[in-house]
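Quick note: the sequence shown uses UniProt numbering, first residue 1, plus one each step.
Each residue gets a CB set at the ideal place from its N, CA and C atoms; glycine is no exception.
This report refers to the structure that appears directly beneath it.
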Amino acid sequence: DNPALMATSLSASNLNWTTGQAPAEGTHMTAKFRYRQRDTGVTLHYHDDGTATVDFDVPVRAITPGQAVVFYDGDECLGGGTIDAAYAHTNELQYV
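Structural data, given as structure tokens:
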């Protein structure tokens, strides 16, 4: 695995929640970034503009802006959003 592809967090927008209400700030849950991917532990941090930072428990390979992030509590889908950017610590990853 190329370390340049490993992200530690992402920013997401267009967040939608199945209950209509966002989970509390700092909530730990799991997320998927591509089909059939293993669940990844994440923590959510909201911003005033309606976006969120999603911090990963462990680095994740090749997070792709424009694709979806989907949040889960076990098998229950909590909601999701659009990936705007991926970060390695505080540095935005540039894949192109």
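If you check the CB distance, threonine 8 and alanine 85 do not come in under 7 Å.
For valine 58, the number of other beta carbons within 10 angstroms of its own is below 16, and it is reported as exposed. The beta-carbon separation of leucine 44 and proline 23, rounded to 6 Å, stays under the 8 Å limit for a contact. CA-CA distance, glutamine 21 to glycine 81, rounds to 14 Å. With a threshold of 16 other beta carbon atoms within 10 Å, alanine 52 meets it and is buried. Taking a contact as a CB-CB distance under 8 Å, the pair leucine 15 and glycine 79 counts as one, their CB atoms being some 7 Å apart. Distance from phenylalanine 56 to threonine 40 at the Cβ level is roughly 6 Å; contact confirmed, criterion being Cβ atoms closer than 8 Å. For proline 59, the secondary structure class from DSSP, reduced to helix, strand or coil, is strand.
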